[in-house]
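Some notes on the structure that comes next.
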Amino acid sequence: SLDWGYTDDNGPSTWAEKYPLAAGARQSPVDIDTSKATSDNSLVDREIDWSYPSNCSYRIVNTGYGWRVDTYGDDTALSGGPLSEVYKLEQFHCHWGATNDEGSEHTVDGKSYAAELHLVHWNSEKYSSFKEAASQPDGLAVLGVFMEIGNADNAELEKIISLIPKIIHKGQDSQASFDLDFGSLLPESKHYWTYLGSLTTPPCNECVIWTVFKEPITISERQLEVFRSLKSVGEEDAIEPEEGKLVKNYRPPLPLGNRVLRECGP
Ligand SMILES: C[C@H](CNC(=O)c1ccc(S(N)(=O)=O)cc1)Cn1ccc2ccccc21
Ligand SMILES: [Zn+2]
Numbered sequence: 230s231l232d233w234g235y236t237d238d239n240g241p242s243t244w245a246e247k248y249p250l251a252a253g254a255r256q257s258p259v260d261i262d263t264s265k266a267t268s269d270n271s272l273v274d275r276e277i278d279w280s281y282p283s284n285c286s287y288r289i290v291n292t293g294y295g296w297r298v299d300t301y302g303d304d305t306a307l308s309g310g311p312l313s314e315v316y317k318l319e320q321f322h323c324h325w326g327a328t329n330d331e332g333s334e335h336t337v338d339g340k341s342y343a344a345e346l347h348l349v350h351w352n353s354e355k356y357s358s359f360k361e362a363a364s365q366p367d368g369l370a371v372l373g374v375f376m377e378i379g380n381a382d383n384a385e386l387e388k389i390i391s392l393i394p395k396i397i398h399k400g401q402d403s404q405a406s407f408d409l410d411f412g413s414l415l416p417e418s419k420h421y422w423t424y425l426g427s428l429t430t431p432p433c434n435e436c437v438i439w440t441v442f443k444e445p446i447t448i449s450e451r452q453l454e455v456f457r458s459l460k461s462v463g464e465e466d467a468i469e470p471e472e473g474k475l476v477k478n479y480r481p482p483l484p485l486g487n488r489v490l491r492e493c494g495p
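See the structure below:
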């Protein structure tokens with residue numbers, strides 16, 4: 230069975246047994262209590278700037294915990310906002326729930342969205358590899374984008390979704406350099422919240438500067454169902470067809486504690 234996961238016997242409430250960092254004071258996700266967000270001048274007009282060439286995605290893989298698109302970081306850049314250095318895009322992935330009223334990791338005043346997209350970057354100015362950065366307090370910068378159910382398919386996401394039937398089982402991957410317009414995967418408004426947190430999966434390293442956009446993007450119910458068709462087990466694990474489906478892969482919020490939650494944007 231999986232070392233950790235999202236079922237009752239290996240889910241988030243059990244992670245701290247094998248991954249002690251999961252019990253830390255700087256964990257993610259958190260509930261974004263908008264009354265606690267400070268819009269102090271520290272971020273005034275420090276908008277988040279990103280730049281991704283459309284051909285930077287080269288592989289999609291089933292990690293057993295969801296899908297992940299690996300990217301060439303060389304010509305990518307994330308800067309501004311709460312960041313003091315330029316970060317490079319390493320990968321992006323998504324979290325979702327079994328039903329549409331749950332699925333995001335961050336919540337806003339207790340409200341969950343149907344899913345949440347994470348664009349994972351690392352501080353290539355200060356560190357020499359993603360792995361090294363993932364053990365540093367300012368090593369990673371993750372952009373969180375809420376996804377809500379809309380009537381239309383999200384055309385950019387469709388390029389990813391069309392590859393999922395090739396990676397149904399854990400460990401499968403598809404080398405597909407597909408052209409992606411990241412502009413359509415990010416909201417129009419650059420209004421965001423930011424705080425210091427962690428990876429939301431084991432080993433839960435407290436190495437992430439989080440930036441969560443306020444405005445969601447949309448995904449269709451059909452597209453979300455395709456995410457839920459992924460399996461957390463390999464092809465060789467002979468189990469019942471309905472078993473092992475990744476119907477949910479989100480960690481519920483952890484206490485913000487005495488961390489500062491800052492807000493920026495119009
Ligand atoms: C963490 C790394 C594997 N995990 C991730 O890269 C990762 C990235 C983003 C998120 S999220 N959902 O927060 O955006 C979660 C996990 C491997 N790795 C790197 C250093 C390292 C040290 C020990 C064990 C594994 C290690
Ligand atoms: Zn994530």
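Using the working numbering, the first residue of the sequence shown is number 230, and each one after it goes up by one.
By construction, the Cβ of each residue, glycine as well, lies at the ideal position given by its N, Cα and C atoms.
>> Per the DSSP calculation, tryptophan 439 is bridged to which residue(s)?
In response: Val371 and Tyr424
>> Assuming the contact rule is C-beta atoms closer than 8 Å, alanine 343 and leucine 453 should be a hit. Round their C-beta distance to whole Å, please.
In response: 6 Å
> Between Gly293, Arg275 and Thr267, which lies nearest to threonine 430 when the distance is taken from Cα to Cα?
Replying inline: Nearest C-alpha to threonine 430: Gly293.
> Apart from the five residues just before and just after tyrosine 287, which ones in its own chain have a Cβ nearer than 8 Å to its Cβ?
Replying inline: Asp299, Thr300, Tyr301, Gln404, Ala405 and Ser406
>> Quick check: what's the CA-CA separation for glycine 498 versus glutamate 377?
In response: Residue numbering for the chain in the displayed model covers 230 to 495; residue 498 lies beyond these limits and cannot be assessed.
> With 16 other CB atoms within 10 Å as the buried threshold, where does threonine 336 fall?
Replying inline: By the 10 Å Cβ count, threonine 336 comes out buried.
> phenylalanine 321 lies in the alpha helix (DSSP H); which residues open and close that run?
Replying inline: Counting along the chain, phenylalanine 321 falls outside any alpha helix (DSSP H), though it belongs to the beta strand (DSSP E) covering 316 to 325.
> Can you tell which of Leu250, Ile397, Glu450 and Trp439 has the C-alpha that lies nearest to the C-alpha of arginine 491?
Replying inline: For arginine 491, the nearest C-alpha among the options comes from Trp439.
>> For a test of the three-state rule: what should DSSP assign to isoleucine 397, helix, strand or coil?
In response: Coil.
>> So within the stretch 429 to 479, which uninterrupted alpha helix (DSSP H) runs reach at least 4 residues, ignoring any that extend past its ends?
In response: 450 to 457
> Looking at the structure shown, is alanine 344 part of a helix, part of a strand, or coil, going by DSSP?
Replying inline: The answer is strand: DSSP assigns alanine 344 an E or B state.
> Taking all protein chains shown into account, do 16 or more other C-beta atoms lie within 10 angstroms of the C-beta of aspartate 303, making it buried, or fewer, making it exposed?
Replying inline: exposed
>> Does the beta-carbon of histidine 552, which I'm using as the reference point, lie nearer than 7 Å to any heavy atom of ligand 2?
In response: Residue 552 cannot be examined here, being either before or after the span of the chain that is shown, 230 to 495.
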